[in-house]
Amino acid sequence: MAIATGATSTAAGGPPSPTSTARAGRSRSSGVTIAGIALRTPYWVFTGAVGLIFLAPIVWTTVASVAPQAGTNQVDGWGFGNYKTLAGYQAGIWVYLGNSAFVSLLTVALTLLLSLLGGYAFARFRFPGKNILFLVTLAILMVPYATLLIPLYVLLNEVGLDNSLVGVALVLTMFQLPFSTFLMRISFEAVPRQLDEAAMVDGCSSFGALWRVLLPAVKPGLITVGLFAFLAAWNDFMAPLILINDTERMTLPLAVSNLRGQVQGVVDYGATEAGVVVLALPCIVLFLLLQRHYVRGFMSGALKG
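If you want it as structure tokens, here you go:
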């Protein structure tokens, strides 16, 4: 009876009853929900398939590192025999992990410092030849990485940094600076100039405005630069191969490569897979922790203006 009355009053031009209004709202929301699901289903399917494609090698390697394999230290049953082989190789995995951590952290620190100052200078100051200098900095990206390692080895030998982890970190920093400086420049340019101008009016110097005002604003860009620098230094194989001669100063990728064929050229796949898992774990954890800032750092230049 109430439904009929509501329909009659609506047809007569009166206000709709609460029952008819609620029913119309539910029908519209259900229609929007069904349409939204229909539109988003291809996206979910595509991203899920891409995620599986990228996760499959990691899962396969992790399972294979603990699975029984002939010719490895894990023959009978599932276990961590391959990890024991990796841990006891030559100087030990902790030495190689420490070397990789030292090179990676020093590379990150130098890259962050230099790209922060360089990006700030290119974004906020005017000086003769600024654009030409910026293009020359970016031109380093066009030079093949391996072609510069031998000249850099000779240069490091002249200054006493050959066979040194510090020398490796300096080389890796040099190759990270062009992209890092570019990213920091667009991060600073995405911040309104009025912020640092107001800070300078209040008595801050250029460095004070950078430290107190601009640094928090470009934090996503800094995190992106640091993450890229860490991943590049942690996984780099070529620079330690050319620049390091002492087995106790090898980084983990170089040690895993040498472990791969330690017994008469026979490949120890189990220990190699264990080494790959150990190498990948810090990168995965860092990316998962910092992915939100990583995306914001890349979007900072796109959102300018």
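Position 48 of the sequence shown, counted from 1, bears residue number 110 in my numbering, the numbering being contiguous throughout. Even for Gly, the Cβ is constructed at its ideal location relative to N, Cα and C.
Buried or exposed by the 16-neighbour rule on C-beta atoms within 10 Å, applied to residue i
i	result
residue 248	buried
residue 335	buried
residue 173	buried
residue 246	buried
residue 143	buried
residue 105	exposed
residue 349	exposed
residue 97	exposed
residue 166	buried
residue 175	exposed
residue 214	buried
residue 229	buried
Cβ-Cβ distance between residue i and residue j below 8 Å
i	j	result
residue 181	residue 243	yes
residue 291	residue 257	no
residue 135	residue 332	yes
residue 239	residue 177	yes
residue 169	residue 231	yes
residue 312	residue 158	yes
residue 127	residue 318	no
residue 164	residue 227	yes
residue 274	residue 260	no
residue 219	residue 308	no
residue 296	residue 345	yes
Distance cut-off 7 Å: residue i Cβ against heavy atoms of the ligand ATP
i	result
residue 224	Inclusion of the ligand ATP in the displayed structure is not the case, the ligand content being empty and no account of it being possible.
C-alpha distance - residue i paired with residue j, whole-angstrom precision
i	j	result
residue 195	residue 115	41 Å
residue 294	residue 237	10 Å
residue 286	residue 252	15 Å
residue 131	residue 138	8 Å
residue 87	residue 241	Legend: pLDDT at residue 87 = 49, less than 50; position of this residue unreliable, value from coordinates given subsequently. Each residue's alpha carbon lies about 52 Å from the other.
residue 207	residue 99	46 Å
residue 129	residue 160	27 Å
residue 141	residue 112	30 Å
residue 198	residue 190	14 Å
residue 222	residue 269	34 Å
residue 284	residue 354	13 Å
residue 263	residue 201	37 Å
residue 107	residue 117	15 Å
residue 122	residue 192	49 Å
residue 171	residue 125	35 Å
residue 68	residue 95	The predicted position of residue 68 is uncertain, since its pLDDT is 45 and thus under 50; no value can be drawn from it.
residue 103	residue 184	44 Å
residue 352	residue 205	30 Å
residue 203	residue 209	12 Å
residue 217	residue 188	33 Å
residue 109	residue 101	14 Å
Pick from the options that is closest to residue i, judged by C-alpha positions
i	options	result
residue 369	333, 337 and 210	Because the chain spans 63 through 367 in this model, residue 369 falls outside it and cannot be assessed.
residue 153	274, 197 and 310	310
residue 186	282, 254 and 164	254
residue 250	102, 281, 213 and 263	281
residue 149	264, 108, 321 and 184	321
residue 162	351, 123, 183 and 303	303
residue 330	95, 216 and 145	145
Cβ-Cβ separation, residue j to residue i (assumed contact under 8 Å), whole Å
i	j	result
residue 179	residue 233	Not confirmed; about 20 Å, so no contact.
residue 155	residue 342	In fact, because the Cβ distance is near 15 Å, the residues do not count as touching under 8 Å.
residue 301	residue 211	6 Å
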